[in-house]
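S.K.:
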Amino acid sequence: MNFAFSVQTRVIKAVAGSLSEVDALIANSRDDKDDASGSNSGRVDALVLSHPFTDHAHPQTLTDRSNRTDLRLSGTPDALRSIRGLPGLPFKDVNTIPLASWDTSPLNEPSSSPLAPGIRIVRLAAVERFAALRYGPAWSTLHGGLAIVWQTEAGSSSSPRFGAIVYSPHGIMPASVPPWLNKAEPRILIHSLHRQTLPVWLAGPVSLGFSNALDLCRPGSFQPHLLLGTHDEHKVAGGIVSRLLRRQEWATQEMERLLKDVSPVKLRVLAAGEETDIQ
Numbered sequence: 000m001n002f003a004f005s006v007q008t009r010v011i012k013a014v015a016g017s018l019s020e021v022d023a024l025i026a027n028s029r030d031d032k033d034d035a036s037g038s039n040s041g042r043v044d045a046l047v048l049s050h051p052f053t054d055h056a057h058p059q060t061l062t063d064r065s066n067r068t069d070l071r072l073s074g075t076p077d078a079l080r081s082i083r084g085l086p087g088l089p090f091k092d093v094n095t096i097p098l099a100s101w102d103t104s105p106l107n108e109p110s111s112s113p114l115a116p117g118i119r120i121v122r123l124a125a126v127e128r129f130a131a132l133r134y135g136p137a138w139s140t141l142h143g144g145l146a147i148v149w150q151t152e153a154g155s156s157s158s159p160r161f162g163a164i165v166y167s168p169h170g171i172m173p174a175s176v177p178p179w180l181n182k183a184e185p186r187i188l189i190h191s192l193h194r195q196t197l198p199v200w201l202a203g204p205v206s207l208g209f210s211n212a213l214d215l216c217r218p219g220s221f222q223p224h225l226l227l228g229t230h231d232e233h234k235v236a237g238g239i240v241s242r243l244l245r246r247q248e249w250a251t252q253e254m255e256r257l258l259k260d261v262s263p264v265k266l267r268v269l270a271a272g273e274e275t276d277i278q
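Sequential numbering of the sequence shown, starting at 0, is according to numbering that gives the first Met the number 0.
1. At what residues does the beta strand (DSSP E) containing Lys265 begin and finish?
2. Assuming Leu132 contacts Ala146 under a Cβ cut-off of 8 angstroms, what Cβ separation, rounded to an integer in Å, is found between them?
3. Taking all protein chains shown into account, do 16 or more other C-beta atoms lie within 10 angstroms of the C-beta of Asp54, making it buried, or fewer, making it exposed?
4. Can you give me the C-alpha to C-alpha distance between Trp179 and Thr251, rounded to a whole angstrom?
5. I need the DSSP call for Glu152, collapsed to helix, strand or coil.
6. Going by DSSP in three states, Asn181 sits in which element: helix, strand or coil?
7. Hey, could you find the ends of the beta strand (DSSP E) Ser206 is sitting in?
8. Got a sec? Which residues, its chain only, sit under 7 angstroms from Lys259 by beta carbon, not counting five neighbours each side?
9. Under the rule that 16 or more other beta-carbon atoms within 10 Å means buried, what is Val14, buried or exposed?
10. In whole angstroms, what separates the C-alpha of Arg83 from that of Gly228?
11. Answer yes if the stretch 187 to 194 comes into contact with the stretch 202 to 222, meaning at least three C-beta pairs across the two stretches below 8 angstroms, and no otherwise.
12. So Leu244 and Leu197 are in contact, right, with Cβ under 8 angstroms, and what is the actual spacing, rounded?
13. Along the chain, which unbroken stretches of the alpha helix (DSSP H) at least 4 residues long are found entirely within the stretch 54 to 142?
14. Report the rounded CA-to-CA distance for Glu253 versus Gly16, giving the unit in angstroms.
15. Which of the three DSSP states, helix, strand or coil, is assigned to Ser167?
16. Within its chain, find whatever has a CB closer than 8 angstroms to the CB of Asp92; leave out the 5 residues flanking it on each side and keep chain order.
17. Quick one, which of Pro177, Val176, Ile120 and Arg128 has its alpha-carbon nearest Trp149's?
18. Beta-carbon within less than 6 angstroms of Ser220's beta-carbon, same chain only, minus the 5 sequence neighbours each way: which residues are those?
19. Is Lys12 helix, strand or coil when you go by DSSP?
20. Closest to Pro105 by C-alpha separation, out of Pro177, Glu20, Pro218 and Gln222, would be which residue?
21. Starting from the Cα of Ala45, find the closest Cα among Ser241, Ser19, Lys265 and Gln195 and give me that residue.
22. Have a look at Arg242 and Val10 and give me their C-alpha separation to the nearest angstrom.
23. With DSSP collapsed to three states, give me the class of Leu257.
24. Suppose the cutoff is 7 angstroms on Cβ atoms and the five residues either side in sequence are ignored; what does the same chain contact list for Gln247 look like?
25. Measure from the alpha carbon of Gln59 to the alpha carbon of each residue in Pro97, Leu88, Pro76 and Thr75, then state which is nearest.
26. Ala270 and Ala202: beta carbons closer than 8 angstroms?
27. Mapping the DSSP letters down to three states, classify Val21 as helix, strand or coil.
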């Protein structure tokens, strides 16, 4: 008899079955007539891997034969390590995402990033020592995040104005968000809204959910202008994890009511295929 640790199958059909289909969706939905730069604005600019797990770094998607070899791939050290041995991985431009400075925006520092000038991606480490001691090494792997930062105006060379997306599908605690990110305009938070928990001896909190997102929206914290839910999709689950995982959900109206009490943040929960403007 075989015992699986964790097996998950999608319930909601994906809008695109491959990266090349995502390219086609972008090309069909974006008006490039005003783009005089000649850039490939109608295609995926870069592929970013935040976590080493197969629902983030999906082997079949990454090794699809239709993938462009010129697509830039950036990932955390853990994520890149998890895909290094995949046969048929086509990407020629592979980069490790650097760790964010606690004190200053990456736009203030020299960069070897392959992305366009004025755009940076940095890792946000989970710095909570008590949580790491209580829940073990899985905490730091799960509960960091990424910051995507872009220059919005010329400003001064020493202090450019910038916008920022904090992407943390499993949830990052407020203490792990560098204070310079609070100065971004606009600020977007992409975060799990369902709290998913395993026993302490296995991993503890897997997704920190809305209660943690609410803390990130409070004054003095990241306080985003837009909160986007992610990574809450229900799946057909099997294996040991499916028997032990506990999920707590909040109704959209309840989340909006609680957010209204702490911050003027806009909440969006997008269905597959929906999009939103982050400007």
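Backbone N, C-alpha and C fix where the C-beta goes; we use that ideal spot for every residue, glycine too.
M.R.: To lay it out plainly:
1. Lys265 to Arg267
2. No, Leu132 and Ala146 are not in contact; Cβ-Cβ is about 25 angstroms, not under 8 angstroms.
3. exposed
4. 30 angstroms
5. strand
6. helix
7. Pro204 to Leu207
8. none
9. exposed
10. 30 angstroms
11. yes
12. 6 angstroms
13. 58 to 61, 76 to 82, 128 to 134 and 137 to 141
14. 34 angstroms
15. strand
16. Asp69, Leu70, Arg71, Leu72 and Pro113
17. Ile120
18. Pro173
19. coil
20. Pro177
21. Ser19
22. 18 angstroms
23. helix
24. His193, Arg194 and Gly208
25. Leu88
26. no
27. helix
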